[in-house]
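**Student:** Residue numbers (the working numbering), protein chains in the order written: chain C, 216 to 365; chain R, 525 to 1256. Ideal placement from N, C-alpha and C gives every residue a C-beta, glycine not left out. Pasting a structure here, questions to come.
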Amino acid sequence: MTHPEDIKKQIRELFNDQKLAVLSTHLSGQPYASLVAFLGKEDLKEIFFVTPRTTRKHANLLADSRVALLINSSMNVAADFHEAVSVTALGNAEEIGGDEKKDVLKRYLAKHPYLEAFANAPTCALIGVKITSYVLVKNFQHVMELSIDQ
Amino acid sequence: MKWILSPWEINPDHRNRVGGKAYTLSLMAREGFEIPETVFLTVDAYHEFVKAAGLEERILLELNRKNFKDMRWEEIWDCATRIRNFFLKQPIPKHLDDELTAQVQSRFNGKSVAVRSSAPDEDAAGSSFAGLHESFINVRGTESILKHVRLVWASLWSDAALLYRQEIGLDVEKSAMAVVLQETVTGNRSGVVFSQNPNDETQGIIESVYGLNQGLVDGRVEPDRWILDREKNTVVSHTPVERSHWLIPSEHGVEMVPLPQDLSQRPPLSTEEALRIYGLACRAEALFKIPQDVEWTIRNDTLYLLQSRPITTLSSNQTEDKRAWYLSLHRSFENLKALRKTIEEKLIPEMKQTARDLADKDLTMLSHGELADEIKKRWEINHGWVNVYWEEFIPYAHGIRLFGQYYNDAVQPDDPYEFMNLLAHTQMASLERNRMLEDLAGMVRSDSELFEKLQTGNALVLNPEFEKKVDGFIVKFGDLSCAVTGGSECATDTRPLFKLLVEMAAKPPSLKPRKQMKDAGTLEKKFLGCFEGSKRKEAMDLLDLARSSYRLRDDDNIYLGRIEAQLLTAVMEGKNRIENSGRRVKQRPELDKLKSVIHDLDYDDGKPELAVASDEYGFKVNPRQLVGQPAGPGLSRGNARVIRHHLDLQDFKNAEILVCDSVDPNMTFVIPLAAGVVERRGGMLIHGAIIAREYGLPCVTGIPDATSLIRTGDEITVDGYLGIVTILQKGL
């Protein structure tokens, strides 16, 4: 797999098939992990999620916008070790507002319709992570990186 | 759940639990065919063992290290070897072991048995893949029988089965192996009978030997052969052979011994007996309504049927399918011993002589036309030896594999490649070359003036002793500027050699091999300690053969390289003449001939290199961690030196990591400088792995696209324990 399109195809499949991602943030050097319902942008340059502003992850994001997101296709069976595909996305998070928010939320709720009340709550923020690189893991140990000029 | 069934308990519903071979035997027993005492271990016993030992996940991981289509046969063999070791190392769970032990003891009570595979998958695939799994004969004692049951279970994942895994529907979660345990009938005459000749449907065939059938099946004993007329039920012809040996049971298995004089003079079967045996095959064909291939044996005039199956062949109609050829590489000990004699006494001396004869010819005296003819002739000679390489030398390399399996069965080591330590440090030609290089580097290291001269390229006047040694080296191995060893064309340019010596002299001398030598001595004792009497002699002989096979794995390329060097020398001469021909019209037709020969033989220069890709949307791919096969234990970190052309070797620096498509012995002179080896070609027994082990270097093989994904200057780590290469930082 040496062409970007091969890796992009795998990432798109994960974006379509998976609902949740693990979000990694930190505060003063203390790492923190949480689950978020995500939406991947079609061009793969951004990942979106919604979070209440009172959460620890939101506080962490305000302190340092650098984050990592892990999305994978594990089924919690032995075959996961060779069949599951994982991607770690590295990037910078920022809150999204205005017209863009309306547009993204519409697509976000098309993927996660059960989160309508949650996503529209005034205490929630829509976060967009501009991706700088993806790290794709297949066959247990095979790792390729896809870097992006934003 | 019943783990053991007798032939009389079998009904059609059991077919998938005991496999086709067992089911067929049970049908024949019911029909009154004379079969030896037999029981079947159902697939439930296999599942119970695999589940308790946690093998399913381990096999899955092993088979999915990388895309199966990217795996070469050597890697598949390695994979099968590791799986085989899992089965050997895991104990049978107590409750299963207790029941199997009780049943085996009560049914066979110390008698010798055959332990045969009976795979339902193979049966379901239309029975056209017989021979993919293992069977063992003359196994005695409950412990040994159960050990061989594990080996038969493991052979569900043999290299042969893995090669045909699509066709037989091999599936880690669903596939299983049943086992036939059958009392050994020690016949004094045995053989196979085909109710129908695969090549002529009007005929039947019988092959027969004295002693056990295994001798015939393994190809160790040549059989007498009878052709029969199917319609008339008569013998058409009998082809006798020179009968010299037979395979008979021995204390620990079987052994080949000379045939008594009186037996060697007469055929194993009379015409009446041949017809009786043919009648057996016809009865089997009538029962199964398809021509049968029947194994039989005669003891005290009683004719026993050992097994019957539809007539099959492993060969494929597709000429592109090399799998049958790969499987033909499995050679018996006897076959390999004969091959060794041919190679050591005939082929290697002939190769050396051919290279010398070619080197003696003065190419400069030839006209352009004669040179064109000479290039063609050399190409044909080289091509002929390349064919010999594939037909004789490659199969001989199987001696290493045969020994490996023998060692693993006896010693049951944690590391299935421990046996390689017993083969390392043999007198390989490439190691002799590297020792001479170390010697020269030592002189450079201890003489600062000499070092300075070589480093600055001021090498016109050197001390006579050093010069004499350099000349001796060049005569033997060439000056390393040529793509293959011994190229006289390159003998005028000693700069690459001096560059290498300076690089070697700049680091302390290597002291690695000694400790491993000691380990090899301990291992040899441990290995030989597993055997007694004639078995010990056999083990020693096999070790000796494996060492020869290991040595030749390297040397054959060196000798082949010498011949290829002579071809390239002629090509270079031709190219130089074309380049320097100017506008002289007089010799144009002859030069054109030269050009067309060089073009036709594909010696034009230049092929584009692969590159890691980026796209127009700003995405760029970089490899981070690449998975191959662990081929030499150890961990190292350093800058990559990617070898795409032989000349790239000249720039090799101390402590760099050699990254290449495939290491061939003609390029291993840089190994003493290397910190690790990464190779696209996969396998534990390829040159890169062998030479890396000799020097104790971490080695990872079987990384597809290694030379395009990694670039010279990239900082990488080589994890030879896990078979992983990590690119830490891309070079500039």
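Please report the Cβ distance between Ala-805(R) and Ser-699(R), rounded to the nearest whole angstrom; I am assuming they are in contact, meaning their Cβ atoms lie under 8 Å.
**Tutor:** Actually they do not touch by this definition, with Cβ atoms about 31 Å apart.
**Student:** Counting along the chain, where does the alpha helix (DSSP H) carrying Ile-692(R) start and finish?
**Tutor:** Counting along the chain, the alpha helix (DSSP H) containing Ile-692(R) begins and ends at 689 to 692.
**Student:** Thinking Lys-1099(R) and Ala-896(R) are a contact (beta carbons under 8 Å), I'd like their distance in whole angstroms, please.
**Tutor:** The pair is not a contact, with the Cβ atoms about 12 Å apart (cut-off 8 Å).
**Student:** If we count the other Cβ atoms within 10 Å of its Cβ and call it buried at 16 or more, is Trp-677(R) buried or exposed?
**Tutor:** Trp-677(R) should be labelled buried.
**Student:** Check whether the Cβ atoms of Arg-227(C) and Gly-255(C) sit closer than 9 Å, and answer yes or no.
**Tutor:** Contact: yes.
**Student:** Using a Cβ distance threshold of 8 Å, determine whether the stretch 284 to 304 of chain C contacts the stretch 324 to 342 of chain C, with at least three qualifying pairs required.
**Tutor:** They do not touch, by the three-pair rule.
**Student:** Looking at the secondary structure, which residues open and close the beta strand (DSSP E) in which His-241(C) lies?
**Tutor:** Where His-241(C) is concerned, the enclosing beta strand (DSSP E) stretches over 235 to 242.
**Student:** Any beta carbon from chain R within less than 9 Å of Ser-362(C)'s own beta carbon?
**Tutor:** Yes - at least one Cβ of chain R is within 9 Å of the one on Ser-362(C).
**Student:** Quick one: which unbroken alpha helix (DSSP H) runs of 4-plus residues sit fully inside the stretch 718 to 750 of chain R? Chain order, please.
**Tutor:** Segments of the alpha helix (DSSP H) lying fully in the stretch 718 to 750 of chain R: 738 to 741.
**Student:** At a CB distance below 9 Å, what residues from the stretch 243 to 256 of chain C approach chain R? Give them in sequence order.
**Tutor:** Listed by position, the residues of the stretch 243 to 256 of chain C near chain R (Cβ gap below 9 Å) amount to none.
**Student:** Under 9 Å between beta-carbons, which chain C residues line up against Glu-797(R)? List them in chain order, please.
**Tutor:** Those within 9 Å of Glu-797(R) in chain C number zero; the least Cβ separation is about 55 Å.
**Student:** Which value, in whole angstroms, describes the spacing of the CA atoms of Arg-1235(R) and Gly-1156(R)?
**Tutor:** If I take the Cα positions, the gap works out to 22 Å.
**Student:** Does the beta carbon of Pro-1132(R) sit closer than 9 Å to a beta carbon anywhere in chain C?
**Tutor:** Only weak support is given to the placement of Pro-1132(R): the predicted model assigns it a pLDDT of 43, under 50, and the value that follows is read from those uncertain coordinates. No - not a single Cβ of chain C is within 9 Å of the one on Pro-1132(R).
**Student:** On the three-pair Cβ rule with 8 Å, is the stretch 860 to 878 of chain R touching the stretch 902 to 922 of chain R?
**Tutor:** Yes, the stretch 860 to 878 of chain R is in contact with the stretch 902 to 922 of chain R.
**Student:** Using only the alpha-carbon positions, how far apart do Gly-1237(R) and Ala-340(C) sit?
**Tutor:** Rounded to whole angstroms, Gly-1237(R) to Ala-340(C) spans 45 Å at the Cα level.
**Student:** Does any CB atom of chain C fall closer than 9 Å to the CB of Pro-1222(R)?
**Tutor:** Closer than 9 Å: no.
**Student:** Could you confirm whether any beta carbon from chain C is found closer than 9 Å to the beta carbon of Thr-866(R)?
**Tutor:** False, the Cβ-Cβ gap to chain C never drops below 9 Å.
**Student:** Can you find at least 3 beta carbon pairs, one from the stretch 538 to 558 of chain R and one from the stretch 626 to 645 of chain R, that sit closer than 8 Å?
**Tutor:** Yes, since at least three Cβ pairs between the stretch 538 to 558 of chain R and the stretch 626 to 645 of chain R fall closer than 8 Å, the two stretches touch.
**Student:** Any idea what DSSP makes of Leu-1197(R), helix, strand or coil?
**Tutor:** Correct three-state label for Leu-1197(R): helix.
**Student:** My output table needs one value for Glu-1013(R): the three-state DSSP class, helix, strand or coil.
**Tutor:** Any reading at Glu-1013(R) must be qualified, since the residue scores a pLDDT of 43, below 50, and its modelled position is unreliable; no value is offered.
**Student:** How would you call Leu-1091(R), buried or exposed, if buried means at least 16 neighbouring beta carbons within 10 angstroms?
**Tutor:** Its Cβ being crowded by 16 or more others within 10 Å, Leu-1091(R) is buried.
**Student:** Look up Pro-764(R) in the DSSP assignment and give the residues it is bridged to.
**Tutor:** According to DSSP, which records beta bridges pairwise, Pro-764(R) is partnered with nothing at all.
**Student:** Given a threshold of 16 other Cβ atoms within 10 Å of its Cβ, counted over all protein chains shown, does Leu-670(R) qualify as buried or as exposed?
**Tutor:** Leu-670(R) comes out buried.
**Student:** With a threshold of 16 other CB atoms inside 10 Å of the CB of Pro-764(R), please say whether the residue is buried or exposed.
**Tutor:** Exposed, by the Cβ-count rule.
**Student:** Starting from the beta carbon of Pro-219(C), find every residue of chain R whose beta carbon is closer than 9 Å, and list them in chain order.
**Tutor:** In chain order: Ala-1137, Ser-1138, Asp-1139, Tyr-1141, Phe-1143, Lys-1144, Val-1145.
**Student:** How would you label Asp-748(R), buried or exposed, when you count the other beta carbons within 10 angstroms and need 16 or more for buried?
**Tutor:** Buried: at least 16 other Cβ atoms inside 10 Å.
**Student:** Sort out for me which residues DSSP pairs Phe-660(R) with in a bridge.
**Tutor:** Partner(s): Val-639(R).
**Student:** Going by the DSSP bridge assignment, what does Ala-1164(R) pair with across the sheet?
**Tutor:** BP columns for Ala-1164(R) point to Ile-1181(R).
**Student:** Kindly give me the distance between the Cβ atoms of Val-302(C) and Leu-229(C), rounded to whole angstroms, as I take these residues to be in contact under 8 Å.
**Tutor:** That pair is a contact at about 6 Å.
**Student:** Between the stretch 330 to 364 of chain C and chain R, which residues of the former have a C-beta closer than 7 Å to a C-beta of the latter?
**Tutor:** Those residues of the stretch 330 to 364 of chain C that come within reach of chain R (Cβ to Cβ, closer than 7 Å) are Val-350, Asn-354, Phe-355, Gln-356, His-357, Val-358, Met-359, Glu-360, Leu-361, Ser-362, Ile-363, Asp-364.
**Student:** Could you tell me which of Ala-1230(R), Glu-1048(R), Thr-605(R) sits nearest to Arg-1071(R), measuring between CA atoms?
**Tutor:** Comparing Cα-Cα distances from Arg-1071(R) to each of Ala-1230(R), Glu-1048(R), Thr-605(R), the minimum goes to Glu-1048(R).
**Student:** Residues of chain C with a CB under 9 Å from the CB of Leu-585(R): which are they?
**Tutor:** In chain order: Ala-293, Phe-296, His-297, Phe-355.
**Student:** What alpha helix (DSSP H) runs, 4 residues minimum, are completely inside the stretch 924 to 985 of chain R?
**Tutor:** Entirely contained in the stretch 924 to 985 of chain R, the alpha helix (DSSP H) runs reaching 4 residues are, in chain order, 944 to 947, 953 to 969, 972 to 980.
**Student:** Pull up the distance between the alpha-carbon of Asn-609(R) and that of Leu-1173(R), whole angstroms please.
**Tutor:** The alpha-carbon atoms of Asn-609(R) and Leu-1173(R) are separated by roughly 38 Å.
**Student:** Is it buried or exposed for Tyr-1245(R), if we count other Cβ within 10 angstroms and need 16 for buried?
**Tutor:** With fewer than 16 Cβ atoms within 10 Å of its Cβ, Tyr-1245(R) is classed as exposed.
**Student:** May I have the straight-line CA-CA distance separating Arg-995(R) from Asp-1188(R), to the nearest angstrom?
**Tutor:** For clarity, residue 995(R) is Asp in the given sequence; the question names Arg instead. If I take the Cα positions, the gap works out to 24 Å.
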